[in-house]
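Peer 1: Quick note, the sequences are listed as chains H and W, same order.
Note that the first sequence covers residues 0 to 248 in numbering that gives the first Met the number 0.
Note that the second sequence covers residues 0 to 269 in numbering that gives the first Met the number 0.
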Amino acid sequence: MNDTPAFELKGRLLTLTVLRLFEPHVVNLAMALKAKVEQAPGFFDNTPVVLDLEPLQDGHKVIDFPALVSLLGNHGLLVSGVLGGNEKQRRAAADAGLGLFSDRQRGAEPPQPAPEPAPAAEPEPRPEPEPEPEPPARPATCSARLVTQPVRSGQQIYARGGDLVVLAPVSAGAEIIADGHIHVYAPLRGRAIAGAAGDVDARIFCQSLEAELVSINGVYQIKEDLEQGVPGTPVQIHRQNDNLIIRPL
Amino acid sequence: MARIIVVTSGKGGVGKTTSSAAISTGLAQRGYKTAVVDFDVGLRNLDLIMGVERRVVYDFVNVINDEAKLGQALIRDKRVENLYVLPASQTRDKDALTQEGVGKVLGQFAEDGFDYVICDSPAGIERGAQLAMYFADEAIVVSNPEVSSVRDSDRMLGILSSKSRRAEQDDEPIREHLLITRYQPERVDLGEMLSVEDVLEILSVPLLGVIPESEAVLQASNAGVPVIMESGSDAGQAYDDAVARLLGEERELRFVDARKKGFFSRLLGK
Chain H
0 MNDTPAFELK GRLLTLTVLR LFEPHVVNLA MALKAKVEQA PGFFDNTPVV
50 LDLEPLQDGH KVIDFPALVS LLGNHGLLVS GVLGGNEKQR RAAADAGLGL
100 FSDRQRGAEP PQPAPEPAPA AEPEPRPEPE PEPEPPARPA TCSARLVTQP
150 VRSGQQIYAR GGDLVVLAPV SAGAEIIADG HIHVYAPLRG RAIAGAAGDV
200 DARIFCQSLE AELVSINGVY QIKEDLEQGV PGTPVQIHRQ NDNLIIRPL
Chain W
0 MARIIVVTSG KGGVGKTTSS AAISTGLAQR GYKTAVVDFD VGLRNLDLIM
50 GVERRVVYDF VNVINDEAKL GQALIRDKRV ENLYVLPASQ TRDKDALTQE
100 GVGKVLGQFA EDGFDYVICD SPAGIERGAQ LAMYFADEAI VVSNPEVSSV
150 RDSDRMLGIL SSKSRRAEQD DEPIREHLLI TRYQPERVDL GEMLSVEDVL
200 EILSVPLLGV IPESEAVLQA SNAGVPVIME SGSDAGQAYD DAVARLLGEE
250 RELRFVDARK KGFFSRLLGK
């Protein structure tokens with residue numbers, strides 16, 4: 000009598016974090032990653048990532064995917080697939096159980112010469128001087144996330160890679176997080192965490208500061224300290240060295 | 000099409016069952032075919048408040064499990080025409096409720112020509128409470144004027160806006176109403192209790208009504224009479240106002256000012 004289907008397949012556009020890999024050696028990667036994660040411990044909490052192999056696809060660099068996946072996994076980054084890379088690297092990724100994104104799925108980034116699913120032949124070792132200086136790996140900034148409904152106790156909203164604009168109250172017990180700035184055009188009574196991905200210049204703006212906690216890139220103040228501030232008036236909060244500066248707007 | 004209204008709060012003991020009984024009775028008194036469903040499986044109370052506890056044969060879980068037809072389990076109220084009670088099972092727990100089963104039963108109410116189905120939610124935010132609100136078109140969030148109750152209501156409002164069928168299917172959101180119960184204006188004046196304005200400021204949800212703390216509520220519960228039928232009592236009248244507002248009427252707020260205030264203090268007070 001059960002005629003509801005067991006599942007449904009749907010195509011959806013999701014924003015994914017892309018980790019551009021410049022370095023195939025797992026040990027070097029481990030050190031770099033450790034330094035990054037120390038800035039914001041616990042920040043990557045089961046975050047799915049796609050490995051972009053494009054900077055490594057020329058030449059014969061071998062990538063140890065199982066080691067890489069477990070390294071990233073230890074830091075809360077779950078590798079869901081690879082993008083780019085040469086034939087051998089992609090085959091190794093597939094053998095390690097990773098998904099293969101085609102280069103057409105690359106999204107808004109400038110199109111790259113697609114690695115043809117070429118015959119077994121090795122891609123010719125091209126002259127090395129080609130790798131152009133890559134822009135530093137920054138999280139792709141998308142437009143600000145806009146929230147028009149109240150953010151209730153127990154809810155969490157994260158604007159990954161951009162600003163967060165909230166037009167309704169943020170209740171005590173709610174948490175709003177952004178990689179960029181946070182604007183709340185209503186009372187802010189919950190927790191607000193700006194610059195979560197490491198941006199020390201991120202700011203928090205709110206109509207009325209009644210927050211439980213405000214934090215900019217790891218530097219925080221809790222309600223006890225905040226109440227000596229200026230409740231009920233619009234303020235902005237920015238970070239100066241290791242202090243949070245709260246000023247009326 | 001039956002309109003499904005959940006009465007919920009998060010916190011226990013704030014007056015969900017009392018409110019469910021009063022509001023369903025008020026709707027039936029106005030001629031709408033109304034059912035009130037007890038979702039508190041294992042801690043059945045609604046039948047007591049409605050005064051039908053001696054007539055329970057089958058219950059909600061029996062209907063879900065196809066052990067009884069909906070018509071067999073529904074108890075017709077003897078005082079108010081068009082009013083029916085679907086009691087919860089006392090011998091089972093909330094795991095007996097399934098989303099599919101609840102959806103099926105609620106669908107049957109629509110087929111049977113009901114105008115309103117009032118779902119009396121259990122306390123908490125677990126399975127029973129989530130299933131009570133999942134299919135709702137409207138929600139009445141019951142809150143007492145004190146901080147922990149208000150915070151739990153806020154949490155419930157968050158769940159309503161994210162975990163209901165309407166939210167999952169991207170339909171028009173659940174229409175939310177706030178019902179403040181056990182209000183004591185004297186204690187608000189003394190600063191011992193949050194005021195209506197304080198609660199509205201925190202929750203920002205349209206106000207359906209304010210029910211004053213009243214002896215009539217306890218007496219009515221003990222007697223198995225929905226308090227709205229005590230039309231001489233302040234709580235009964237306040238519930239009647241709330242039902243009128245639920246149906247779109249405009250009614251002025253009553254029972255929110257301390258009674259003893261004289262003419263001059265009222266003049267100077269506000």
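The C-beta atom is built at its ideal place from N, Cα and C for all residues, glycine as well.
Could you give the DSSP three-state label for H:K9: helix, strand or coil?
Peer 2: The residue given as residue 9 of chain H occupies position 10 in the first sequence. DSSP places H:K9 in coil when its eight states are reduced to three.
Peer 1: Can you name the residues that DSSP bridges to W:R154?
Peer 2: Numbered from 1 along the second sequence, position 155 holds the residue referred to as residue 154 of chain W. In DSSP, W:R154 forms no bridge with anything.
Peer 1: Taking contact to mean 3 or more Cβ pairs, one atom from each stretch, closer than 8 Å, check whether the region 162-181 of chain W and the region 32-39 of chain W are in contact.
Peer 2: With the cut-off at 8 Å, the region 162-181 of chain W and the region 32-39 of chain W do not touch.
Peer 1: Is the shortest distance between the beta-carbon of W:G11 and the beta-carbons of chain H less than 8 Å?
Peer 2: Residue mapping note: residue 11 of chain W aligns to position 12 of the second sequence, counting from 1. Judged by the 8 Å Cβ criterion, W:G11 is not in contact with chain H.
Peer 1: Between the region 133-158 of chain W and chain H, which residues of the former have a C-beta closer than 7 Å to a C-beta of the latter?
Peer 2: Answer in chain order: R150, D153, R154, L156 and G157.
Peer 1: When you compare the region 3-20 of chain W with the region 56-65 of chain W, are there three or more beta-carbon pairs, one atom per stretch, that lie closer than 8 Å?
Peer 2: Contact fails: fewer than three Cβ-Cβ distances are below 8 Å.
Peer 1: Cβ of H:F6 versus every heavy atom of the ligand GDP: is any distance shorter than 7 Å?
Peer 2: For the ligand GDP, the structure offers nothing, since it holds no ligand at all.
Peer 1: Take W:S88 as the anchor and find which of W:I117, W:Y115 and W:P121 has the nearest alpha-carbon.
Peer 2: Position 89 of the second sequence, counted from the start, is the residue given in the question as residue 88 of chain W. For the residues W:I117, W:Y115 and W:P121, the minimum Cα distance to W:S88 belongs to W:P121.
Peer 1: Out of W:S147, W:A215 and W:L207, point me to the one whose CA is closest to W:S251's CA.
Peer 2: Translated into the one-based positions of the second sequence, residue 251 of chain W becomes position 252. Note that residue 251 of chain W is Glu in the sequence shown here, rather than Ser. Closest option to W:E251, Cα to Cα, is W:L207.
Peer 1: Select from the region 186-214 of chain W all residues with a C-beta closer than 9 Å to any C-beta belonging to chain H, and list them in chain order.
Peer 2: Within the region 186-214 of chain W, the residues whose Cβ lies closer than 9 Å to some Cβ of chain H are E200, I201, L202, S203 and V204, listed in chain order.
Peer 1: Going along the region 170-184 of chain H in order, which residues come within less than 9 Å of chain W, judged by CB to CB distance?
Peer 2: Residues S170, A171, G172 and A173.
Peer 1: Kindly say whether W:S120, judged by its beta-carbon, lies nearer than 8 Å to any beta-carbon of chain H.
Peer 2: Taking the first residue of the second sequence as position 1, residue 120 of chain W is located at position 121. So, not an interface residue.
Peer 1: Is H:Q100 helix, strand or coil by DSSP?
Peer 2: To locate residue 100 of chain H, count along the first sequence from 1; it is residue 101. Per the sequence shown, residue 100 of chain H should be read as Phe rather than Gln. Strand.
Peer 1: Taking the continuous alpha helix (DSSP H) assigned at W:F59, which residues delimit it?
Peer 2: One-based indexing of the second sequence puts residue 59 of chain W at position 60. F59 to I63 is the span of the alpha helix (DSSP H), which, as asked, contains W:F59.
Peer 1: Using the DSSP secondary-structure output, state which residues sit across from H:N242 in a beta bridge.
Peer 2: Along the first sequence, one-based indexing puts residue 242 of chain H at 243. According to DSSP, H:N242 bridges with H:Q239.
Peer 1: Cα-Cα, which of H:A185, H:N85, H:L145 and H:V78 is closest to H:N45?
Peer 2: In the first sequence, counting from the first residue as 1, residue 45 of chain H sits at position 46. For H:N45, the nearest C-alpha among the options comes from H:V78.
Peer 1: Any idea what DSSP makes of H:E174, helix, strand or coil?
Peer 2: The residue given as residue 174 of chain H occupies position 175 in the first sequence. Note: H:E174 maps to strand in three-state DSSP.
Peer 1: To which residues does DSSP link H:R19 through a beta bridge?
Peer 2: The residue labelled residue 19 of chain H in the question sits at position 20 within the first sequence. In DSSP, H:R19 forms a bridge with H:D51.
Peer 1: Based on DSSP bridge pairs, tell me the residues matched to W:L82.
Peer 2: In the second sequence, residue 82 of chain W corresponds to position 83, counting from 1. The partner list for W:L82 (beta bridge, DSSP) reads W:T33.
Peer 1: Taking the C-alpha atoms as reference points, what is the distance between H:T14 and H:R144?
Peer 2: Counting from one through the first sequence, the residue named residue 14 of chain H turns up at place 15. Counting from one through the first sequence, the residue named residue 144 of chain H turns up at place 145. Their backbone Cα atoms lie some 12 Å apart in a straight line.
Peer 1: Using DSSP with H/G/I as helix, E/B as strand and the rest coil, what is H:P126?
Peer 2: Your numbering for residue 126 of chain H matches position 127 in the first sequence. Note on H:P126: pLDDT 46, under 50, position unreliable in the model; the coordinate value appears next. Here H:P126 sits in coil by DSSP.
Peer 1: Against H:A167, what residues of chain W qualify as contacts under a CB-to-CB distance less than 9 Å, listed in chain order?
Peer 2: Locating residue 167 of chain H in the first sequence gives position 168, where the first residue counts as 1. Going along chain W in sequence order, the residues near H:A167 (Cβ under 9 Å) are S203.
Peer 1: Output, in chain order, the set of chain W residues within a Cβ distance shorter than 8 Å of H:S207.
Peer 2: Counted from its first residue, the first sequence places residue 207 of chain H at position 208. Under the 8 Å cutoff, chain W gives no residues; its nearest Cβ is about 10 Å from H:S207.
Peer 1: Hey, does W:S160 have any beta-carbon neighbour from chain H nearer than 8 Å?
Peer 2: Indexing the second sequence from 1 puts residue 160 of chain W at position 161. Taking Cβ atoms only, chain H reaches closer than 8 Å to W:S160, which makes this a yes.
Peer 1: If the cut is a Cβ gap below 7 Å, which residues of chain W does H:Q148 touch?
Peer 2: The residue you call residue 148 of chain H lines up with position 149 of the first sequence. Within 7 Å Cβ-Cβ: S160.
Peer 1: Classify W:G247 as helix, strand or coil using the three-state DSSP reduction.
Peer 2: Translated into the one-based positions of the second sequence, residue 247 of chain W becomes position 248. Three-state DSSP puts W:G247 in coil, outside helix and strand.
Peer 1: Which residues in chain W sit within 7 Å of H:R190, going by Cβ to Cβ distance?
Peer 2: Translated into positions along the first sequence, residue 190 of chain H becomes position 191. Result: empty, since nearest Cβ-Cβ is about 14 Å, beyond 7 Å.
Peer 1: According to DSSP, simplified to helix, strand and coil, what is W:R282?
Peer 2: This structure leaves residue 282 of chain W out entirely; chain W is present only between 0 and 269.
Peer 1: Determine the chain W residues that contact H:G10 at a beta-carbon separation under 9 Å, and present them in chain order.
Peer 2: In the first sequence, the residue the question calls residue 10 of chain H occupies position 11. Those do not exist, as H:G10 stays about 16 Å from chain W at its closest Cβ, beyond 9 Å.
Peer 1: Any idea what DSSP makes of W:R91, helix, strand or coil?
Peer 2: Numbered from its first residue, the second sequence carries residue 91 of chain W at position 92. Three-state DSSP puts W:R91 in coil, outside helix and strand.
Peer 1: I need the straight-line Cα distance from W:L217 to H:S142, nearest angstrom please.
Peer 2: Numbered from its first residue, the second sequence carries residue 217 of chain W at position 218. Numbered from its first residue, the first sequence carries residue 142 of chain H at position 143. Roughly 55 Å between the two C-alpha positions.
Peer 1: Please work out which residues of its chain come closer than 8 Å, Cβ to Cβ, to H:E70, disregarding the five sequence neighbours upstream and downstream, and give them in chain order.
Peer 2: Residue 70 of chain H sits at position 71 when you count from the first residue of the first sequence. A small fix is needed here, since residue 70 of chain H is Leu in this sequence, not Glu. Correct list, in chain order: V25, L28, A29 and L32.
Peer 1: What are the partner residues of H:L287, as DSSP defines its beta bridges?
Peer 2: Nothing about residue 287 of chain H can be reported from this structure: the residues present for chain H run from 0 to 248 only.
Peer 1: Name the one or two DSSP bridge partners that W:Y238 has.
Peer 2: Here residue 238 of chain W refers to the residue found at position 239 of the second sequence. Looking at the DSSP assignment, W:Y238 forms no beta bridge with any residue, so it has no partner.
Peer 1: Within the 8 Å Cβ cut-off, does H:S142 reach chain W?
Peer 2: Working through the first sequence from its first residue, we reach residue 142 of chain H at position 143. No, its Cβ sits nowhere closer than 8 Å to a Cβ of chain W.
Peer 1: Indicate whether the contact test is met: 3 or more Cβ pairs, each with one atom in the region 68-87 of chain W and one in the region 140-156 of chain W, closer than 8 Å.
Peer 2: Cβ pair count under 8 Å is below three, so no.
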